[in-house]
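Asker:
2 protein chains.
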Amino acid sequence: MEERSTIYEVAKRSGVSTATVSRVMAEGKGFSAATGERVRATAAQLGWVPSGPARGLASRRSGIVGLIFPDLGGSGKAEEESALYVDQVIRGAERAATSVGNAVLIAATQSGSGRRLAFSVAGQVDGLVVLARSLPDEEIAALSKIVPVVVLANLQTRRGHDYVGADNRGGSRALTAHLIGVHGYADLIYLAGPEQSPDSDERFAGFQDTLRHAGQRVPDRPEGTGGFTEAGGDQAVRALIARGRRPRAIVCGNDEMALGALTALRAARLRVPADVAVTGFDDISAGRHVRPALTTVRQPMRDLGERSVRLLLDRIADAEAGHRSVVLPTEMIIRRSCGCASRPMISRGPR
Amino acid sequence: MEERSTIYEVAKRSGVSTATVSRVMAEGKGFSAATGERVRATAAQLGWVPSGPARGLASRRSGIVGLIFPDLGGSGKAEEESALYVDQVIRGAERAATSVGNAVLIAATQSGSGRRLAFSVAGQVDGLVVLARSLPDEEIAALSKIVPVVVLANLQTRRGHDYVGADNRGGSRALTAHLIGVHGYADLIYLAGPEQSPDSDERFAGFQDTLRHAGQRVPDRPEGTGGFTEAGGDQAVRALIARGRRPRAIVCGNDEMALGALTALRAARLRVPADVAVTGFDDISAGRHVRPALTTVRQPMRDLGERSVRLLLDRIADAEAGHRSVVLPTEMIIRRSCGCASRPMISRGPR
DNA sequence: TTGTAGGCGTTATCAT
DNA sequence: ATGATAACGCCTACAA
Chain B
6 MEERSTIYEV AKRSGVSTAT VSRVMAEGKG FSAATGERVR ATAAQLGWVP
56 SGPARGLASR RSGIVGLIFP DLGGSGKAEE ESALYVDQVI RGAERAATSV
106 GNAVLIAATQ SGSGRRLAFS VAGQVDGLVV LARSLPDEEI AALSKIVPVV
156 VLANLQTRRG HDYVGADNRG GSRALTAHLI GVHGYADLIY LAGPEQSPDS
206 DERFAGFQDT LRHAGQRVPD RPEGTGGFTE AGGDQAVRAL IARGRRPRAI
256 VCGNDEMALG ALTALRAARL RVPADVAVTG FDDISAGRHV RPALTTVRQP
306 MRDLGERSVR LLLDRIADAE AGHRSVVLPT EMIIRRSCGC ASRPMISRGP
356 R
Chain Z
6 MEERSTIYEV AKRSGVSTAT VSRVMAEGKG FSAATGERVR ATAAQLGWVP
56 SGPARGLASR RSGIVGLIFP DLGGSGKAEE ESALYVDQVI RGAERAATSV
106 GNAVLIAATQ SGSGRRLAFS VAGQVDGLVV LARSLPDEEI AALSKIVPVV
156 VLANLQTRRG HDYVGADNRG GSRALTAHLI GVHGYADLIY LAGPEQSPDS
206 DERFAGFQDT LRHAGQRVPD RPEGTGGFTE AGGDQAVRAL IARGRRPRAI
256 VCGNDEMALG ALTALRAARL RVPADVAVTG FDDISAGRHV RPALTTVRQP
306 MRDLGERSVR LLLDRIADAE AGHRSVVLPT EMIIRRSCGC ASRPMISRGP
356 R
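Residue numbers (the working numbering), protein chains in the order written: chain B, 6 to 356; chain Z, 6 to 356.
The following block contains the structure:
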């Protein structure tokens, strides 16, 4: 790595002006095939690529979109799993961006220092996708004064922004309806995720919807909390059992907690689904391998990432357009833990 | 989002020069506390953040490191799992970068268009971490003429570059030794991953090492191939059985293939580990939940990401230093699928 | 199809 | 502790 060469050098050696080099590198039109070839050749020979910063400065467009997500927990096992969701979103975002020649800058907000990070990122990108729970609403509002912002999976922050999310409520509704309608269960309980999780809240709302519709007693709060982790689900269910509670079905806010629930129930010598049915949410791969296999709801995590970037790109292209909301459907995946005995089935959620 | 304001505006409103504003935003020294406060306030009020591109241009440092990884497969289930590895690396890289105020730009090379992508990314970052299988060696060489490059998990491309990888060979060696030494198995086979996978090759080499050392017959090629996917492992083992082959133990190149192998063996009414032992590699979460639980080797994927970014940052800071190699240890995780009956145990790999 | 030249918003150097 | 002012490397009208 010598001193990095510049467009001037490439221009000189190619016997053209910098403008022409610029045109060639932009892959636009406005130059003869021969010229293009020649320029590309000397560029390759010199090992030159246009400087992103210089380009960005001159064109007011960096070609980079940012993705901000919460850094769940510190390190260790637990995190690795509950992070699955975010990873898929990242991949989706990457794909959507790359397909149109953009790149993705990722940043996890550690609790606390999130603000600084977010604003430093804001200066480098053309727009931002902000995942739920990564920043408080005020900060998101402040950010959106600086760059275009798409809010992802955070229904509550939806208004005044472009929004992309999954139909958590509908999926939860369908799942609960299956438990009640097909299996005839009564006495279901919902096991919630972390405090401020919009996803968990929505799923609980769907749960309530269906109970109400079925004429069952509707709890106004979840009966337990497992922080979206396997250990949390385990503990919550143990606690439940310890205080003599033994519901017919446990609707877990996500799959990890459901796995934990399975463990706790086994430890208590309760059989699933014969004594207690269990369901999850997300469809992580472990749910397919555990016994009984987990009935759950799948949300299109990768699509969420893709759609949010696309929406963002649209927004960048047209700052004046009205705000848009995209809600992606979820699908119920029936396996054994709900009480079904047949082979796996898939059914689309409502909407 | 009005017209984005500039440093000039902030300077004027704060009654200072742009130089001072710059100093304040760089969080350096050289200004009074009062001035700093005042500048920060007007910046916040104006909703101004320094332009990344302008900054990068002036300082020749974007504060962004790039991570290039292969885009395994198209879409669909299979990919989601084998991608786990990459996701962890991404998280590790993100963490290491963020902790020192840098950001991470990610880019997946689709087969073919990889070159263009990589070079466009190269222009925007201070350095690049290149994962195995994302680019052919020549391109990596070319890239490294443009920006500092750290090669990740690709032993073969190691020379002439900074390198970070895991001790796959040692882990595989330890695992195979366990199978032979503790369980006394003979007639082991190795199930390989994708063609050009350095990881799979290294693991096979470790497998060979131990067989040789134990005086068993040493195959010069893996006896099957499963492309690192669950379906691939399933098929490979079915094929094996179909042609009358029934080894005592199947050492799989990764966990996904091991899961597939389990399925195939069950379908053939062979019991694991009684009839055939099975091992994996990576320690994905599904391996803990499947029955029998998977004996495997864990490689510190997140650490790989962290270390490679740190190495890269060092390299950026000192372009002249000699090349460094970092090999991270792996650890064997003993569960049931190898034939052990006791509770899970962990043992460090060699080195 | 190609060239000329001003400007993009910072940082860094040199003064003060 | 603060200012003035060249770079920084490219893009993009505007011309030719």
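Every residue, glycine too, gets a C-beta built ideally from N, C-alpha and C.
Taking all protein chains shown into account, do 16 or more other C-beta atoms lie within 10 angstroms of the C-beta of Gly-231 of chain Z, making it buried, or fewer, making it exposed?
Answerer: Taking the second sequence and counting its residues from 1, one reaches residue 231 of chain Z at position 226. Buried, since its Cβ has 16 or more Cβ neighbours within 10 Å.
Asker: So what's Tyr-13 of chain Z in DSSP terms, helix, strand or just coil?
Answerer: In the second sequence, the residue the question calls residue 13 of chain Z occupies position 8. Under the three-state reduction of DSSP, Tyr-13 of chain Z is assigned to helix.
Asker: List the residues of chain B whose Cβ lies closer than 8 angstroms to the Cβ of Ser-342 of chain Z, in chain order.
Answerer: Against the second sequence, residue 342 of chain Z aligns to sequence position 337. Here the premise fails: no neighbours, minimum Cβ distance about 12 angstroms.
Asker: Leaving out five residues on either side along the sequence, give the residues of the same chain with a beta carbon under 8 angstroms from the beta carbon of Leu-193 of chain Z.
Answerer: Along the second sequence, one-based indexing puts residue 193 of chain Z at 188. The answer, listed in chain order, is Thr-181, Leu-184, Ile-185, Phe-212, Leu-216, Gln-221, Pro-252, Arg-253, Ala-254, Ile-255 and Val-256.
Asker: Does the separation of the CB atoms of Leu-3 of chain B and Val-169 of chain B fall below 9 angstroms?
Answerer: No answer is possible for residue 3 of chain B: the residues shown for chain B start at 6 and end at 356.
Asker: Check the Cβ-Cβ distances between Ile-289 of chain B and every residue of chain Z, and say whether any is below 9 angstroms.
Answerer: What you label residue 289 of chain B is simply residue 284 of the first sequence in a count that begins at 1. Ile-289 of chain B counts as touching chain Z.
Asker: Counting Cβ pairs, one atom from each stretch, are 3 or more of them under 8 angstroms apart for the region 159-166 of chain B and the region 314-323 of chain B?
Answerer: no
Asker: Can you name the residues of chain Z whose CB is closer than 8 angstroms to the CB of Thr-103 of chain B?
Answerer: As a first step, residue 103 of chain B must be located in the first sequence, where it is residue number 98. Correct list: Ala-112, Ala-113, Gln-115 and Leu-122.
Asker: The alpha helix (DSSP H) spanning Arg-357 of chain B covers which residue range?
Answerer: Look at the range of chain B in this structure, 6 to 356, and you will see that residue 357 of chain B is not part of it.
Asker: Taking buried to mean at least 16 other C-beta atoms within 10 Å of its own C-beta, is Ser-202 of chain Z buried or exposed?
Answerer: If you number the second sequence from 1, residue 202 of chain Z lands on position 197. Ser-202 of chain Z is buried by the Cβ-count criterion.
Asker: Compare the beta carbon distance of Ile-73 of chain Z and Ala-123 of chain Z with 9 angstroms and say whether it is the shorter of the two.
Answerer: As a position in the second sequence, residue 73 of chain Z is number 68, starting the count at 1. As a position in the second sequence, residue 123 of chain Z is number 118, starting the count at 1. Taking 9 angstroms as the Cβ cut-off, Ile-73 of chain Z and Ala-123 of chain Z qualify as a contacting pair.
Asker: Which two residues bound the contiguous alpha helix (DSSP H) that contains Val-44 of chain Z?
Answerer: Here residue 44 of chain Z is taken as the residue at index 39 of the second sequence, counted from 1. 38-51 is the extent of the alpha helix (DSSP H) around Val-44 of chain Z.
Asker: Name the one or two DSSP bridge partners that Pro-75 of chain Z has.
Answerer: Stepping through the second sequence from its first residue, residue 75 of chain Z is reached at position 70. Answer by DSSP bridge pairing, in chain order: Z:Thr-114.
Asker: Go through the region 156-183 of chain Z residue by residue and report every complete run of the beta strand (DSSP E) that reaches 3 residues or more, in order.
Answerer: 167-171
Asker: Look up Leu-333 of chain B in the DSSP assignment and give the residues it is bridged to.
Answerer: For this step, residue 333 of chain B is matched to residue 328 along the first sequence. The partner list for Leu-333 of chain B (beta bridge, DSSP) reads B:Ala-171.
Asker: Output, in chain order, the set of chain B residues within a Cβ distance shorter than 7 angstroms of Pro-58 of chain Z.
Answerer: Position 53 of the second sequence, counting from 1, holds the residue named residue 58 of chain Z. Correct list: Pro-58, Gly-61, Leu-62 and Ser-67.
Asker: Can a CB atom of chain B be found closer than 9 angstroms to the CB of Asp-323 of chain Z?
Answerer: Here residue 323 of chain Z refers to the residue found at position 318 of the second sequence. For Asp-323 of chain Z, the answer is no, since every Cβ of chain B falls outside 9 angstroms of its Cβ.
Asker: So Thr-335 of chain B and Gly-176 of chain B are supposed to be a Cβ contact under 8 angstroms. How far apart are they, rounded?
Answerer: As a working mapping, residue 335 of chain B is identified with position 330 in the first sequence. As a working mapping, residue 176 of chain B is identified with position 171 in the first sequence. For a cut-off of 8 angstroms, the C-beta gap from Thr-335 of chain B to Gly-176 of chain B is around 3 angstroms, short enough to register as a contact.
Asker: Measuring only between beta-carbons, confirm whether His-294 of chain Z sits less than 9 angstroms from chain B.
Answerer: Taking the first residue of the second sequence as position 1, residue 294 of chain Z is located at position 289. So, interface residue.
Asker: Strictly below 8 angstroms CB to CB, what residues from chain B border Gln-240 of chain Z?
Answerer: Within the second sequence, residue 240 of chain Z is the residue found at index 235, counting from 1. Per Cβ cutoff of 8 angstroms: no residues; Gln-240 of chain Z is ~18 angstroms from chain B at best.
Asker: Would you mind telling me which residues of chain B sit closer than 9 angstroms to Glu-143 of chain Z, beta carbon to beta carbon, in chain order?
Answerer: Translated into the one-based positions of the second sequence, residue 143 of chain Z becomes position 138. Result: empty, since nearest Cβ-Cβ is about 12 angstroms, beyond 9 angstroms.
Asker: Cβ closer than 9 angstroms: which chain Z residues qualify as neighbours of Ile-194 of chain B?
Answerer: As a working mapping, residue 194 of chain B is identified with position 189 in the first sequence. The premise fails here: Ile-194 of chain B is roughly 23 angstroms from chain Z at the closest Cβ pair, so nothing lies under 9 angstroms.
Asker: Are the region 51-64 of chain Z and the region 109-122 of chain Z touching, with three or more C-beta to C-beta distances below 8 angstroms?
Answerer: Taking 8 angstroms as the limit for Cβ pairs, the verdict is that the region 109-122 of chain Z does not touch the region 51-64 of chain Z.
Asker: Where do the N-terminal and C-terminal ends of the beta strand (DSSP E) with Ile-194 of chain Z fall, by residue?
Answerer: Here the question's residue 194 of chain Z lines up with position 189 in the second sequence. Unbroken beta strand (DSSP E) run through Ile-194 of chain Z: 193-197.
Asker: Indicate whether at least one CB of chain Z lies closer than 9 angstroms to the CB of Arg-45 of chain B.
Answerer: In the first sequence, counting from the first residue as 1, residue 45 of chain B sits at position 40. Not closer than 9 angstroms to any Cβ of chain Z, the Cβ of Arg-45 of chain B fails to qualify, so no.
Asker: State the Cα-Cα distance for the pair Gly-35 of chain B and Thr-114 of chain Z, rounded to the nearest angstrom.
Answerer: Looking up residue 35 of chain B in the first sequence gives position 30. Looking up residue 114 of chain Z in the second sequence gives position 109. Approximately 29 angstroms, taken between the alpha carbons.
Asker: According to the Cβ coordinates, are Ile-289 of chain Z and Ala-269 of chain Z closer than 9 angstroms?
Answerer: Residue numbering aside, residue 289 of chain Z sits at position 284 when the second sequence is read from its first letter. Residue numbering aside, residue 269 of chain Z sits at position 264 when the second sequence is read from its first letter. For Ile-289 of chain Z and Ala-269 of chain Z, no; Cβs fall outside 9 angstroms.
Asker: Please confirm if Asp-76 of chain Z has its CB atom under 9 angstroms from at least one CB of chain B.
Answerer: Residue 76 of chain Z sits at position 71 when you count from the first residue of the second sequence. So yes, Asp-76 of chain Z belongs to the interface.
Asker: Roughly how many whole angstroms lie between the Cα atoms of Ile-111 of chain Z and Ala-38 of chain B?
Answerer: What you label residue 111 of chain Z is simply residue 106 of the second sequence in a count that begins at 1. What you label residue 38 of chain B is simply residue 33 of the first sequence in a count that begins at 1. Looking at the two C-alpha atoms, the distance is approximately 32 angstroms.
Asker: For my contact list, Val-156 of chain Z and Asp-167 of chain Z are in at a C-beta cut-off of 8 angstroms; report their separation, rounded to the angstrom.
Answerer: Stepping through the second sequence from its first residue, residue 156 of chain Z is reached at position 151. Stepping through the second sequence from its first residue, residue 167 of chain Z is reached at position 162. Their Cβ separation, rounded to whole angstroms, is 7 angstroms, which keeps Val-156 of chain Z and Asp-167 of chain Z in contact under 8 angstroms.
Asker: Using alpha carbons as the reference points, say which of Z:Arg-293, Z:Glu-325 and Z:Arg-329 lies closest to Ser-342 of chain Z.
Answerer: Position 337 of the second sequence, counted from the first residue, corresponds to residue 342 of chain Z. For the residues Z:Arg-293, Z:Glu-325 and Z:Arg-329, the minimum Cα distance to Ser-342 of chain Z belongs to Z:Arg-293.
Asker: Are the beta-carbon atoms of Pro-55 of chain Z and Gly-128 of chain B separated by less than 9 angstroms?
Answerer: Working through the second sequence from its first residue, we reach residue 55 of chain Z at position 50. Working through the first sequence from its first residue, we reach residue 128 of chain B at position 123. Annotated as proximal: Pro-55 of chain Z and Gly-128 of chain B, with beta-carbon spacing under 9 angstroms.
Asker: Of all the options Z:Ala-31, Z:Arg-9, Z:Ser-125 and Z:Gly-285, which has the alpha carbon lying nearest to the alpha carbon of Ser-125 of chain B?
Answerer: The count along the first sequence starts at 1 and reaches residue 125 of chain B at position 120. Here the closest residue by C-alpha is Z:Ala-31.
Asker: Residues of the region 326-340 of chain B in Cβ contact with chain Z at a cutoff of 8 angstroms, in chain order, please.
Answerer: none
Asker: For Thr-25 of chain Z versus Ser-19 of chain Z, is the C-beta distance shorter than 9 angstroms?
Answerer: The residue you call residue 25 of chain Z lines up with position 20 of the second sequence. The residue you call residue 19 of chain Z lines up with position 14 of the second sequence. A contact, by the Cβ cut-off of 9 angstroms.
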